[in-house]
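Notes to accompany the following structure.
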Amino acid sequence: MNQISSEQWKQLGRDSFDARLIAIIRRNHPDQAAKMDFASVVGGFHRQAAKAQRYGLTDEHSAATYVYTAWLMGDEFDTRIPAIAQILNDRRMRAVDKAKALGNFSRLVFRTLSAPASRGAA
Amino acid sequence: MSLPTPPALGGPLADAVAAAEPAATQQLQQLAAPAADAAAKAAALQSQVEDAAGEQARQAIAEAQGQAAQASQQAQAAQAAAEQAAAQAQSEASTEAQQAQAAAGQAAQQAQAQAAQAQQEVAKAQAQAAAAADQAAGAAEAATANATKDLASEFSSTTPIGVPAVPCACTYCIRPAVDPAIPAIPGTPALPALPAMPDMPAMPAMPAMPAMPAMPAMPALPALPATPETPALPALPAMPAMPAMPAMPAMPPMPAMPAAPAMPAMPAMPPTDSLPALPALPAMPALPDLPARPAMPAMPAMPAMPAMPALPAQPALPALPATPALPAMPALPAMPAMPAMPAMPAMPAAPATPAMPAVPAF
Numbered sequence: 000m001n002q003i004s005s006e007q008w009k010q011l012g013r014d015s016f017d018a019r020l021i022a023i024i025r026r027n028h029p030d031q032a033a034k035m036d037f038a039s040v041v042g043g044f045h046r047q048a049a050k051a052q053r054y055g056l057t058d059e060h061s062a063a064t065y066v067y068t069a070w071l072m073g074d075e076f077d078t079r080i081p082a083i084a085q086i087l088n089d090r091r092m093r094a095v096d097k098a099k100a101l102g103n104f105s106r107l108v109f110r111t112l113s114a115p116a117s118r119g120a121a
Numbered sequence: 000m001s002l003p004t005p006p007a008l009g010g011p012l013a014d015a016v017a018a019a020e021p022a023a024t025q026q027l028q029q030l031a032a033p034a035a036d037a038a039a040k041a042a043a044l045q046s047q048v049e050d051a052a053g054e055q056a057r058q059a060i061a062e063a064q065g066q067a068a069q070a071s072q073q074a075q076a077a078q079a080a081a082e083q084a085a086a087q088a089q090s091e092a093s094t095e096a097q098q099a100q101a102a103a104g105q106a107a108q109q110a111q112a113q114a115a116q117a118q119q120e121v122a123k124a125q126a127q128a129a130a131a132a133d134q135a136a137g138a139a140e141a142a143t144a145n146a147t148k149d150l151a152s153e154f155s156s157t158t159p160i161g162v163p164a165v166p167c168a169c170t171y172c173i174r175p176a177v178d179p180a181i182p183a184i185p186g187t188p189a190l191p192a193l194p195a196m197p198d199m200p201a202m203p204a205m206p207a208m209p210a211m212p213a214m215p216a217m218p219a220l221p222a223l224p225a226t227p228e229t230p231a232l233p234a235l236p237a238m239p240a241m242p243a244m245p246a247m248p249a250m251p252p253m254p255a256m257p258a259a260p261a262m263p264a265m266p267a268m269p270p271t272d273s274l275p276a277l278p279a280l281p282a283m284p285a286l287p288d289l290p291a292r293p294a295m296p297a298m299p300a301m302p303a304m305p306a307m308p309a310l311p312a313q314p315a316l317p318a319l320p321a322t323p324a325l326p327a328m329p330a331l332p333a334m335p336a337m338p339a340m341p342a343m344p345a346m347p348a349a350p351a352t353p354a355m356p357a358v359p360a361f
């Protein structure tokens with residue numbers, strides 16, 4: 000009977016995580032995705048996923064939200080943006096609330112950048 | 000927050016920053032500023048997102064209402080033109096005028112139909128305005144919002160990271176399975192197809208379960224210790240005497256009732272004798288004599304009754320058996336002699352009754 004080793008199981012998990020996240024990026028950002036080499040991006044995904052776990056984002060939805068936000072904002076978004084750093088370093092906040100705040104922040108940033116001058120961010 | 004540099008992982012933010020207006024810098028700095036604590040900042044972000052969604056919905060509704068008003072004005076203008084053409088045709092009363100009138104009526108109907116259709120489209124736009132608020136925003140914002148929704152549907156918030164999403168065969172899962180035949184990362188080979196699962200071997204028959212041994216009798220429960228008597232309740236302290244109620248003030252005297260006005264005198268009844276005499280009743284006519292009753296016809300004679308047949312002789316009754324003689328009664332024992340009765344004392348002589356007085360003569 001064939002057996003799957005622990006390392007193979009982890010590799011399957013990483014591949015599944017990457018595949019689903021890349022599919023979402025391709026579906027929603029086709030222009031930017033067309034210009035990128037995802038084979039080289041996967042390593043960045045794994046580094047960001049490891050950072051997400053250090054912030055307490057241990058479930059796959061929260062970790063995927065963190066990796067997606069890093070893809071949008073840049074590698075060091077967790078230390079470069081004070082509001083994000085404050086939220087991620089709060090040990091009392093749940094992972095689901097941190098992920099929700101990351102999603103809201105990304106949305107508001109792009110709303111501000113794409114809005115005309117007459118419309119404020121808040 | 001300084002304006003972000005192009006991200007190392009992707010380019011959406013770099014593209015948005017390149018097209019942004021200078022006024023957005025201040026708003027981004029406000030957005031990136033920390034709050035009193037992390038929870039307050041997260042709540043502020045949530046509130047701003049909800050406000051933005053509401054503002055977009057209001058804008059979509061306002062645009063739809065403007066389009067509805069414009070369509071209604073066009074319909075009214077077309078109807079007015081049609082009515083004017085019809086009036087002109089009636090005044091000219093010619094064949095060409097009648098044709099023009101028919102065309103005008105048709106145009107008016109078309110204008111009304113277009114107005115009704117415009118109203119329906121406006122109502123539909125109003126209903127979809129709130130739901131389509133995300134799509135009304137910028138392309139990058141809409142893509143981010145949709146990607147956030149996809150993340151919530153594709154990734155579980157209860158599964159730890161690193162667990163592969165195994166396709167489920169329950170047919171109830173809404174999460175689509177990852178197709179291993181399609182490489183997610185260009186340049187990487189596709190995963191080999193999983194081999195078919197072998198059939199499960201038939202399970203051997205389960206041996207019969209041994210009979211359960213009889214349950215032992217339950218041991219008798221030990222007697223419960225006697226419940227100690229409840230100590231007597233202490234006597235309640237005497238209630239302090241209630242203060243005397245203040246004397247009620249004397250009731251004021253009732254005001255005198257005003258004298259009732261005297262009733263007017265009733266008119267005197269006329270005396271009975273003054274009633275007019277009733278006229279004499281006329282004499283009743285004499286009743287006519289009753290006619291003589293006709294004689295009753297003679298009743299026919301009754302037929303003679305047949306003679307009664309003689310009764311048959313009764314058979315002689317058998318003789319009754321002789322009653323056996325009663326045995327002689329045993330002789331009663333002699334009764335003891337009764338004691339002699341004492342002599343009665345002599346009655347005292349009654350006193351002489353006084354003579355009755357003589358009854359006076361009537």
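Protein chains in written order, with numbering that gives the first Met the number 0: chain P, 0 to 121; chain U, 0 to 361. Note that the Cβ used here is the ideal one computed from N, Cα and C, for glycine as well.
message = For a cutoff of 9 Å on Cβ pairs, would you count R110 (chain P) as touching chain U?
response = A Cβ of chain U is located within less than 9 Å of the beta carbon of R110 (chain P).
Inset, instruction - Determine contact between the region 24-37 of chain P and the region 137-151 of chain U, defined as no fewer than three beta-carbon pairs at a distance below 8 Å. - result: Contact holds between the region 24-37 of chain P and the region 137-151 of chain U, because three or more Cβ pairs, one in each stretch, are under 8 Å apart.
Taking L289 (chain U) as part of the alpha helix (DSSP H), name the residues at either end of that continuous run. No alpha helix (DSSP H) holds L289 (chain U); DSSP gives it neither H nor E.
- Task: Provide the residue(s) that pair with P159 (chain U) in DSSP beta bridges, ordered along the chain.
- Result: According to DSSP, P159 (chain U) shares a beta bridge with P:D58.
May I have the straight-line CA-CA distance separating P353 (chain U) from M340 (chain U), to the nearest angstrom?
Those two C-alpha atoms are separated by around 37 Å.
Exercise for the section: Label P11 (chain U) either buried or exposed according to how many other C-beta atoms from any shown protein chain fall within 10 Å of its C-beta, with 16 as the threshold for buried. Expected result: Looking at its Cβ environment, which holds 16 or more other Cβ atoms inside 10 Å, P11 (chain U) is buried.
* To do: Taking all protein chains shown into account, decide if H45 (chain P) is buried (16 or more other Cβ within 10 angstroms of its Cβ) or exposed.
  => Answer is exposed; the Cβ neighbour count stays below 16.
Discussion item. Taking the beta carbon of R174 (chain U) as the centre, do at least 16 other beta carbons fall within 10 Å, making it buried, or is it exposed?
Written reply: With a pLDDT of only 49 at R174 (chain U), under the threshold of 50, the placement of this residue in the model should not be trusted, and no figure is reported.
I'd like to know whether the C-beta atoms of V40 (chain P) and W70 (chain P) end up nearer to each other than 9 Å. For the pair V40 (chain P) and W70 (chain P), the CB atoms are nearer than the 9 Å cut-off.
*asked:* Please report the distance separating the alpha-carbon of Q313 (chain U) from that of P305 (chain U).
replied: P305 (chain U) has its alpha-carbon roughly 24 Å from the corresponding atom of Q313 (chain U).
Check your understanding: Listed in chain order, which residues of the region 49-73 of chain P have Cβ atoms closer than 9 Å to some Cβ of chain U?
Key -> So the list reads A51, Q52, L56, T57, D58, E59, H60, S61, A62, A63, T64, V66, Y67, A69, W70, L71, M72 and G73, given in the order they occur along the chain.
Residue of P:S61, P:A32, P:R93 and P:Q10 minimising C-alpha distance to S365 (chain U): As shown, chain U starts at 0 and ends at 361. That puts residue 365 (chain U) outside it, with no answer to give.
*Which whole-angstrom value is the C-beta distance of L87 (chain P) and K97 (chain P), which I expect to be below 8 Å?*
Cβ-Cβ separation between L87 (chain P) and K97 (chain P): approximately 6 Å, consistent with a contact (criterion under 8 Å).
- prompt: Hey, out of P:S113, P:A48 and P:A94, whose CA is closest to G55 (chain P)'s CA?
  reply: Answer by Cα proximity: P:A94.
Helix, strand or coil for L195 (chain P) per DSSP? Residue 195 (chain P) is absent from the model: chain P starts at 0 and stops at 121.
Min CB distance Q47 (chain U) to chain P below 9 Å:
Q47 (chain U) counts as touching chain P.
Problem - Within chain P, partners of E153 (chain U) - CB distance below 7 Å - result: Correct list: R19 and I23.
| request: Taking 9 Å as the cut-off, decide whether the C-beta atoms of Q10 (chain P) and K40 (chain U) are in contact. | output: No, the pair does not count as a contact, with Cβ atoms beyond the cut-off.
Taking its Cβ as the centre, do 16 or more other Cβ atoms sit within 10 Å of D36 (chain P), making it buried, or is it exposed? D36 (chain P) is exposed by the Cβ-count criterion.
ask   = Which of helix, strand or coil does DSSP assign to V358 (chain U)?
value = Reduced to three states, the DSSP call for V358 (chain U) is coil.
Cα-Cα, which of U:Q109, U:Q116 and U:G137 is closest to R106 (chain P)? If we check each option's Cα against that of R106 (chain P), U:G137 comes out closest.
Subject >> Span separating the alpha-carbon of M295 (chain U) from that of L310 (chain U) >> reply: Each residue's Cα considered, the two are about 42 Å apart.
For this session: Output yes or no for whether 9 Å exceeds the beta carbon distance between A51 (chain U) and A80 (chain U).
Result: Contact flag unset, no.
Exercise. Taking Cβ to Cβ, would you say T57 (chain P) is nearer than 9 Å to G102 (chain P)?
Worked result: Inclusion of T57 (chain P) and G102 (chain P) in the CB contact set at 9 Å is not warranted, their separation being larger than that value.
By Cβ distance below 7 Å, which residues in the same chain neighbour D122 (chain P) in space, the five residues on each side in sequence not counted?
Because chain P here runs from 0 to 121, residue 122 (chain P) falls outside it and cannot be looked at.
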